[in-house]
Amino acid sequence: MTNKYLHIVFRDEENLFEGIDLLRANDFSIVDVMTPFPVHGLDHKIGLKPSLIPTVGFICGAIGALTGFFFQSWVFTSSWPMNFGGKPFFAFPSFIPVIFEMTVLFSALGMVLAFLYRSKLYPHKECSTEKVPITTDDQFVIKLMKPEGEKLTLLQKLVNELKVKLDNPEIAISEKLTFFNNKIVALVPLAFILCFSSCKNNKEQPGYEYMPDMVYSRSFEYYSANPLDKSKSMAKVPPVGSIPRSFTPYPYPNTKDGYEQAGKEWINPLSSNDIYIDEGKKLFELYCVYCHGQKGEANGILVEKQKFPPPPSFSSDILKELPAGKIFHSITYGKNLMGPHASMLSYQERCKVVLFVQSLQKKL
Amino acid sequence: MTHESPHREPLISGRKTYRQITQDICSPILGKPGKLWYIVISVTTLVFLYGLSMIIYTLWKGIGVWGLNKTVGWGWDITNFVWWIGIGHAGTFISAILLLFRQKWRTSVNRAAEAMTIFAVICAGLFPVIHMGRVWLCFYVFPYPNIRGPLWVNFNSPLLWDVFAISTYFLVSLLFWYVGLIPDLGTLRDKVASPLKRKVYSWLSFGWNGSAKHWERHESLCLILAGLATPLVLSVHSIVSMDFATSVIPGWHTTIFPPYFVSGAVFSGFAMVLTLMIITRKLMNLKDYITIGHIEAMNKVIILTGSIVGMAYLTELFMAWYSGVQYEQYVFMNRMQGPYAWAYWTMMTCNLGVPQLFWFKKIRRNVIATFIIAIFINIGMWFERFVIIVTSLSRDYLPSSWTYYKPTFVEVGIFLGTLGFFFTAFLLFTRFFPVIAISEIKNIMKSSGEYENRK
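Chains as they are written, first to last, in the working numbering: chain A, 1363 to 1726; chain B, 6 to 460.
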């Protein structure tokens, strides 16, 4: 595409205005006016419509505000509602800062992109100053479509008149080629290809690591192999006789003799009172009622549905007079089909359950 | 033509033509830098590299190499963050708020101040990122779809607002600065001699040719960006102050913080602009563009914002007494008399006392006095953040966990490193970009320069 343009060069913006008036009065078509700084009133003079940049800014800002508002609302009410100190999930006041920042960000980005796009400005755009006068220093340039024949002589005459009147405007004729710089566009897919081909498929491999000091612990992992003795784990067996914190040892073994001995010797460390019995009842209702029934009459829900054979009732002859030690022993180690409960109930809790069972024995 | 009062002092001294302006502002870029420039930049680069090595050391070893402990979890890192962010605010203040107020004197300093903003925000952003410890996971602070749920960030937290505020502030400042710079880069492209430089400036100037339509869009874009940046700059430091104000630490939990922080930010920022511009106008021979009148105008902003800051200090003290809350009262007694009293009184002297000297016109118009006072303010404002953060934390709730915090050489090194980066970046900027907005200064030349007197 080849266009023939004429350039008229001025050295001062006031003279430029006179030149524009003269050219417009004589019906020349002004393509553009180029100035080293924004000359006020120029846009009206050459009949430019007001820029739409403010509208773009408003629309983009509104999109940003709505995005901010709906995204935060969605996250906090639907996607991941989390209770922060009892505040409502839809906490609009605390969304405001982010909404505001999103508004500004979208608006600013939108306007700048619109400005660059509409003005066709992009990195490394050709600006051939060899054929066009420099307009970024102190020259004010009117760009005209090159007129033909008589009009060209008229133009020459007008400019000569201006030369006498003003400070030597110059005419420069140039041909301007417009073309799109394809080199940069070609780089974009290349960058994409590089970017994506640099990914690896093997997710087990972390890739190249540098300075991983804080990623890997310097101490040995607890269950890893012992570097001194491969057959052993890093986890050490506790010394003989050590007990966990707040653990009360129970000296009687899980044998028939132990059962009898416990019946004779074991004394409940808790003395019977309403609070302990009440707590024992709660534990009984959690762990025992399903077979033993609410009152120990062996009518629990599992027994009634015949999933389990009935245990002896607390009112039966065997259990009515059963000493506390044997009750405790049975809860700890289990008895017949009943499993051990030591892992579920602490020593104290078992004592409370014993007190409750004894209260049932007395009632029955 | 607008009529200016004959008594108003011109903003550009010397009778310049458009060509002279271009020549004056471009000459440092076209010519070779002097010996002094090389000496200064080698010093600042060394300091920057030292800071960089301290950052790498921190990443290598972990945050344990800092002086922080269980009680004082925020120390120099957050102090530096708030200080740098505050410095950045002056640039936006000059370029946006003063543009809306049509203050013509801003054109001589706005470009450099905007560049300063960008470098300061980079320095500021560094600190929250490295104080996370595991820097490589810093992208966790952004709400992006992830395989952890997706687990989102907490939009109720001021720390998250900070992420949005700082990143938006950085991007918008960068856009504002660069869009304003495009016409001047065009000027440079047409001015430089070497083909390589021409190619680079051609890349950077986006094919600018000063078309009337482009100028129209450019002006309306800059005006609206200024309109957006104005509430933005106020929001950024308000949100930074909410990091403290929404917590329940005595001394932090106060509603005065947002306006107090914003005015403090502009106060410290102008001090830094003055520090830089006084050196720049001397080194680059720009005394005709950055006149004593400019320095005086900035000093007036300093006396205003400095007095607001001083008022805020006194209001805090008054409120502590008036509230009748003994914990609040203790915090301020502790600041004045406790182990950090030296920091408190440094802050009071530098921020409340010294800037009041600017009430005297002679001092306001004295370059050396201005430079010294600006340095005092820079130091004082750093101590303000230190006092707020460290004194409040070091004596919080349980006397058994009270402690005295001292930074290690690593923290000091990182802070020095950011100073090194800041000055290195600014020196490079003065060498490769126009320090003064060429097109904007040409625009005000006739109405505010000595041009009219020629006729």
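Think of the CB as a built atom: it goes at the ideal place given N, C-alpha and C, for glycine as much as any other residue.
In this text the structure is predicted, and so the values were computed from the model without any measurement.
Worksheet item: Of the residues that make up the segment 195-218 of chain B, which ones have a beta carbon closer than 9 angstroms to any beta carbon in chain A?
Response: Within the segment 195-218 of chain B, the residues whose Cβ lies closer than 9 angstroms to any Cβ of chain A are, in chain order, Asp-195, Lys-196, Lys-204, Ser-207, Trp-208, Leu-209, Ser-210, Phe-211, Gly-212, Trp-213, Asn-214, Gly-215, Ser-216, Ala-217 and Lys-218.
Practice prompt. Please classify His-1691 of chain A: is it buried, with 16 or more other beta-carbons within 10 angstroms of its beta-carbon, or exposed?
Written response: The residue is buried, with at least 16 neighbouring Cβ atoms inside 10 Å.
Worksheet entry | DSSP three-state assignment for His-1402 of chain A, whether helix, strand or coil | When secondary structure is reduced to three states using DSSP, His-1402 of chain A falls in the coil class, being assigned neither helix nor strand.
Worksheet item: Where does Leu-1368 of chain A fall in DSSP's three states?
Response: Strand, per DSSP.
Discussion item. Out of A:Lys-1688, A:Lys-1724 and A:Val-1393, which one is the CA nearest neighbour of Ala-1624 of chain A?
Written reply: Check the Cα spacing between Ala-1624 of chain A and each of A:Lys-1688, A:Lys-1724 and A:Val-1393: the tightest is with A:Lys-1688.
Worksheet item: Near Val-278 of chain B, what residues of its chain come up, given a Cβ to Cβ distance below 8 angstroms and the 5 sequence neighbours on each side ignored?
Response: Non-local C-beta neighbours of Val-278 of chain B in its own chain, meaning closer than 8 angstroms and more than five positions away in sequence, comprise Ala-95, Gly-96, Ile-99, Val-114, Ala-117, Ala-118, Met-121 and Met-303, ordered along the chain.
Worksheet entry | Residues bridged to Val-1503 of chain A (per DSSP) | Val-1503 of chain A is bridged to A:Val-1371 and A:Met-1396.
Worksheet item: chain B partners of Val-1437 of chain A, CB-CB under 8 angstroms?
Response: At a C-beta separation below 8 angstroms, Val-1437 of chain A has these neighbours in chain B: Pro-148, Trp-157 and Phe-160.
Discussion item. On the criterion of 16 or more Cβ atoms from any shown chain inside 10 Å, does Asn-383 of chain B qualify as buried, or is it exposed?
Written reply: Of the residues assessed, Asn-383 of chain B falls on the buried side of the cut-off, its CB having 16 or more other CB atoms within 10 angstroms.
Worksheet item: Does the distance from the C-beta atom of Ile-307 of chain B to that of Phe-275 of chain B stay below 8 angstroms?
Response: In this structure, Phe-275 of chain B lies closer than 8 angstroms to Ile-307 of chain B by Cβ.
Worksheet item: What's the gap between the Cα of Lys-1626 of chain A and the Cα of Val-1599 of chain A?
Response: Cα to Cα, Lys-1626 of chain A sits roughly 34 angstroms from Val-1599 of chain A.
Worksheet entry | Beta-carbon proximity check, Ile-83 of chain B vs Val-241 of chain B, cutoff 8 angstroms | Against a cut-off of 8 angstroms, the Cβ pair of Val-241 of chain B and Ile-83 of chain B comes out as no contact.
Discussion item. I'd like to know whether the C-beta of Lys-447 of chain B is nearer than 8 angstroms to at least one C-beta of chain A.
Written reply: Yes, Lys-447 of chain B counts as interfacial toward chain A.
Fill in: When A:Val-1651, A:Gly-1662 and A:Pro-1674 are compared against Phe-1718 of chain A, the one with the closest alpha-carbon
Nearest of A:Val-1651, A:Gly-1662 and A:Pro-1674 to Phe-1718 of chain A, Cα basis: A:Val-1651.
Practice prompt. Within 10 angstroms of the Cβ of Val-1577 of chain A, are there 16 or more other Cβ atoms? Answer buried if so, exposed if not.
Written response: Sixteen is the threshold: since fewer than 16 other Cβ atoms of the shown chains lie within 10 Å of the Cβ of Val-1577 of chain A, the residue is exposed.
Worksheet entry | Sequence ranges, alpha helix (DSSP H) only - wholly within the segment 36-83 of chain B, length at least 4 | Look at the segment 36-83 of chain B and you find these whole runs of alpha helix (DSSP H), each 4 residues long or longer: 40-66.
Item to complete: For chain C, find out if any of its Cβ atoms is closer than 8 angstroms to the Cβ of Trp-182 of chain B; answer yes or no.
Response: The structure shown contains no chain C; its protein chains are A and B.
Practice prompt. Identify which residue in A:Ile-1421, A:Ser-1456 and A:Pro-1702 has its Cα closest to the Cα of Ser-1435 of chain A.
Written response: When each option's Cα is compared against that of Ser-1435 of chain A, the closest is A:Ser-1456.
Item to complete: Can you grab the Cα-Cα spacing for the pair Ala-430 of chain B / Phe-124 of chain B, in whole Å?
Response: Our two residues, Ala-430 of chain B and Phe-124 of chain B, have alpha carbons roughly 7 angstroms apart in a direct line.
Discussion item. Using a 10 Å radius around the Cβ and a threshold of 16 neighbouring Cβ atoms, would you call Ala-1424 of chain A buried or exposed?
Written reply: Exposed: under 16 other Cβ atoms inside 10 Å.
Discussion item. When you compare the segment 63-81 of chain B with the segment 252-265 of chain B, are there three or more beta-carbon pairs, one atom per stretch, that lie closer than 8 angstroms?
Written reply: Cβ pair count under 8 angstroms is below three, so no.
Discussion item. Does chain A have any CB closer than 8 angstroms to the CB of Val-440 of chain B?
Written reply: So, not an interface residue.
Practice prompt. Compile a chain-ordered list of the residues in the segment 1415-1439 of chain A whose CB is closer than 7 angstroms to at least one CB of chain B.
Written response: Listed by position, the residues of the segment 1415-1439 of chain A near chain B (Cβ gap below 7 angstroms) are Ile-1415, Pro-1416, Gly-1419, Gln-1434, Val-1437 and Phe-1438.
Worksheet entry | Assigned secondary structure, Ser-1807 of chain A (DSSP; H/G/I helix, E/B strand, else coil) | Look at the range of chain A in this structure, 1363 to 1726, and you will see that residue 1807 of chain A is not part of it.
Discussion item. For Ser-1536 of chain A and Leu-1506 of chain A, what's the separation of their Cα atoms in angstroms?
Written reply: Residue confidence for Ser-1536 of chain A is low, a pLDDT of 49 falling below 50, so the modelled location carries little weight; the figure read from the coordinates is stated next. Cα-Cα distance, rounded: 10 angstroms.
Discussion item. Under 8 angstroms, CB to CB, which of the residues in the segment 1547-1559 of chain A have a partner in chain B?
Written reply: Listed by position, the residues of the segment 1547-1559 of chain A near chain B (Cβ gap below 8 angstroms) amount to none.
Discussion item. Can you check which of these residues, A:Glu-1659, A:Pro-1702, A:Leu-1699 and A:Gln-1668, is closest to Leu-1681 of chain A by C-alpha distance?
Written reply: The alpha carbon of Leu-1681 of chain A has as its nearest neighbour, out of A:Glu-1659, A:Pro-1702, A:Leu-1699 and A:Gln-1668, the alpha carbon of A:Glu-1659.
Item to complete: Between the Cα of Leu-433 of chain B and those of B:Ile-26, B:Lys-21 and B:Tyr-43, spot the shortest distance and give me the residue it belongs to.
Response: Checking every option, the nearest Cα to that of Leu-433 of chain B belongs to B:Tyr-43.
Discussion item. Under 8 angstroms, Cβ to Cβ, is there at least one residue of chain A near Leu-73 of chain B?
Written reply: No - not a single Cβ of chain A is within 8 angstroms of the one on Leu-73 of chain B.
Fill in: Phe-169 of chain B at chain A interface by Cβ criterion, 8 angstroms
Closer than 8 angstroms to the CB of Phe-169 of chain B there is at least one CB belonging to chain A.
Worksheet item: What residues from chain A crowd round Val-177 of chain B, counting only those whose CB sits closer than 8 angstroms?
Response: Chain-ordered, the chain A residues with CB closer than 8 angstroms to the CB of Val-177 of chain B read Val-1466, Leu-1467 and Ala-1470.
Discussion item. Here's the rule: buried if 16 or more other CB atoms are within 10 angstroms of the residue's CB, otherwise exposed. What is Tyr-1614 of chain A?
Written reply: Classification for Tyr-1614 of chain A: buried.
Worksheet entry | Interface residues of chain A facing Thr-27 of chain B [CB-CB closer than 9 angstroms] | Close to Thr-27 of chain B, with beta-carbon spacing below 9 angstroms, are these residues of chain A in chain order: Pro-1398, Thr-1498, Asp-1499 and Asp-1500.
Worksheet entry | His-1406 of chain A classed as buried or exposed, judged by whether at least 16 other C-beta atoms fall within 10 angstroms | With fewer than 16 other Cβ atoms within 10 Å, it is exposed.
Item to complete: Flag Ile-30 of chain B as yes if its beta-carbon sits less than 8 angstroms from any beta-carbon of chain A, otherwise no.
Response: No, Ile-30 of chain B lies away from the interface with chain A (no Cβ there is under 8 angstroms from its Cβ).
Worksheet item: His-1691 of chain A touches chain B at which residues, Cβ-Cβ below 8 angstroms?
Response: Contact note: His-1691 of chain A does not reach chain B at a C-beta cutoff of 8 angstroms; the least C-beta distance is about 47 angstroms.
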